[in-house]
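Numbering (our numbering), first residue to last: 324 to 525. Data block below; observations after.
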Amino acid sequence: MKRSKEKNLQKRAILRVVILGALTVAFIILSVIALTQNSLGAKNRYDALIAVDKSGGDVETSLNTLRTYIYSHMNTKIGSDLGVRPPIQLKGSYDRLVAQEKERVDRANQSLYSTAQAYCEKTQSRGFSGRNRIDCIQNYIDKNGQVVQPVEEVFYKFDFAPPVWSPDLAGYSILASGIFGLLFIVDVFLYYRTRRMVRLAN
Numbered sequence: 324m325k326r327s328k329e330k331n332l333q334k335r336a337i338l339r340v341v342i343l344g345a346l347t348v349a350f351i352i353l354s355v356i357a358l359t360q361n362s363l364g365a366k367n368r369y370d371a372l373i374a375v376d377k378s379g380g381d382v383e384t385s386l387n388t389l390r391t392y393i394y395s396h397m398n399t400k401i402g403s404d405l406g407v408r409p410p411i412q413l414k415g416s417y418d419r420l421v422a423q424e425k426e427r428v429d430r431a432n433q434s435l436y437s438t439a440q441a442y443c444e445k446t447q448s449r450g451f452s453g454r455n456r457i458d459c460i461q462n463y464i465d466k467n468g469q470v471v472q473p474v475e476e477v478f479y480k481f482d483f484a485p486p487v488w489s490p491d492l493a494g495y496s497i498l499a500s501g502i503f504g505l506l507f508i509v510d511v512f513l514y515y516r517t518r519r520m521v522r523l524a525n
């Protein structure tokens, strides 16, 4: 009777160890899948942002969507330490602003050309032709014209840091695998210790 009871207890202990081990493995697999999905989610949003930036669409909304996703999910880092830094660069927006600034200056200086010509005709009545004429007009535009203002690149480059742990499927799966893994180790230890003690008692 006693031996039968011991066998039942041993079977229950083994079953508990097996269940805890299986749960640990299942949650580890689930966490790997969830972490991969988080990474793919960030990449998809990054690709969408770059496409919108290239086409001149609503960059602010796409950037906020990516930022919010990265800040609320683990394993969503864009790029690598060996890649381009910072990894998120809105080249389309930057290039468009540079082109707009150049066009603005060209338009402003073009309208200044007739003023420069009138000024040069008035101040250099003698020999106002050929090279002298071109130099005078160019000097006037250089002194009084608009100058291209540099566009700050820093406002179009970003790097968002994901959290170490996040309350999502990946985060909870990692937490569960850690808890069940710890219980599994404790149970294995207790099982072998109890088994050893029973052997010594017999």
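Every residue, glycine too, gets a C-beta built ideally from N, C-alpha and C.
S403: buried (16+ other C-beta within 10 angstroms of its C-beta) or exposed? Within the sequence shown, numbered from 1, the residue matching residue 403 stands at position 80. With fewer than 16 other beta carbons inside 10 angstroms of its own, S403 counts as exposed.
For the region 480-490 and the region 379-397, state whether three or more C-beta atom pairs, one from each stretch, are separated by less than 8 Å. Between the region 480-490 and the region 379-397, the count of Cβ pairs shorter than 8 Å is three or higher; the stretches touch.
Nearest neighbour of K334, chosen from I497, R519, M520 and Y514 [CA to CA]: Indexing the sequence shown from 1 puts residue 334 at position 11. Nearest option by C-alpha distance: Y514.
Identify every run of the beta strand (DSSP E) within the region 341-365, keeping only runs that are complete inside it and at least 3 residues long; order them along the chain. Counting whole runs of 3 or more residues, the region 341-365 contains no beta strand (DSSP E) stretch at all.
When you compare the CB positions of F507 and L338, do they come within less than 9 Å of one another, or not? On the sequence shown, position 184 is the one that residue 507 refers to. On the sequence shown, position 15 is the one that residue 338 refers to. With contacts defined by Cβ atoms closer than 9 Å, F507 and L338 do not form a contacting pair.
C-alpha gap between D429 and L435, whole angstroms: For this step, residue 429 is matched to residue 106 along the sequence shown. For this step, residue 435 is matched to residue 112 along the sequence shown. The C-alpha of L435 is placed about 10 Å away from the C-alpha of D429.
Using only the alpha-carbon positions, how far apart do V348 and A357 sit? Here residue 348 corresponds to residue number 25 of the sequence shown, with the count starting at 1. Here residue 357 corresponds to residue number 34 of the sequence shown, with the count starting at 1. Taking the straight line joining both Cα atoms gives about 14 Å.
The region 457-472 in contact with the region 493-507 per 3-pair CB rule at 8 Å: At 8 Å Cβ cutoff, the stretches do not touch.
I'd like to confirm the pairing. Which residues does DSSP put opposite Q412 in its beta bridges? Along the sequence shown, read from residue 1 onward, the residue named residue 412 stands at position 89. According to DSSP, which records beta bridges pairwise, Q412 is partnered with K480.
Status (buried if at least 16 other CB within 10 Å, exposed otherwise) for I457: Against the sequence shown, residue 457 aligns to sequence position 134. I457 comes out exposed.
Rounding to the nearest angstrom, what Cα-Cα distance links A441 and V470 in this structure? For this step, residue 441 is matched to residue 118 along the sequence shown. For this step, residue 470 is matched to residue 147 along the sequence shown. Straight-line Cα distance between these residues: approximately 21 Å.
Residues in its own chain within less than 6 Å of V474 by CB, not counting five upstream and five downstream? Within the sequence shown, residue 474 is the residue found at index 151, counting from 1. Shown here for V474: same chain residues with a beta carbon closer than 6 Å to its own, the five before and five after excluded, namely L420 and V421 in chain order.
For P409, which residues in the same chain have their Cβ closer than 7 Å to its Cβ, ignoring the five residues on either side in sequence? Locating residue 409 in the sequence shown gives position 86, where the first residue counts as 1. Sequence-distant partners of P409 (beyond 5 residues in either direction) whose C-beta falls short of 7 Å from its own C-beta, in its chain, are K480, F481 and D482.
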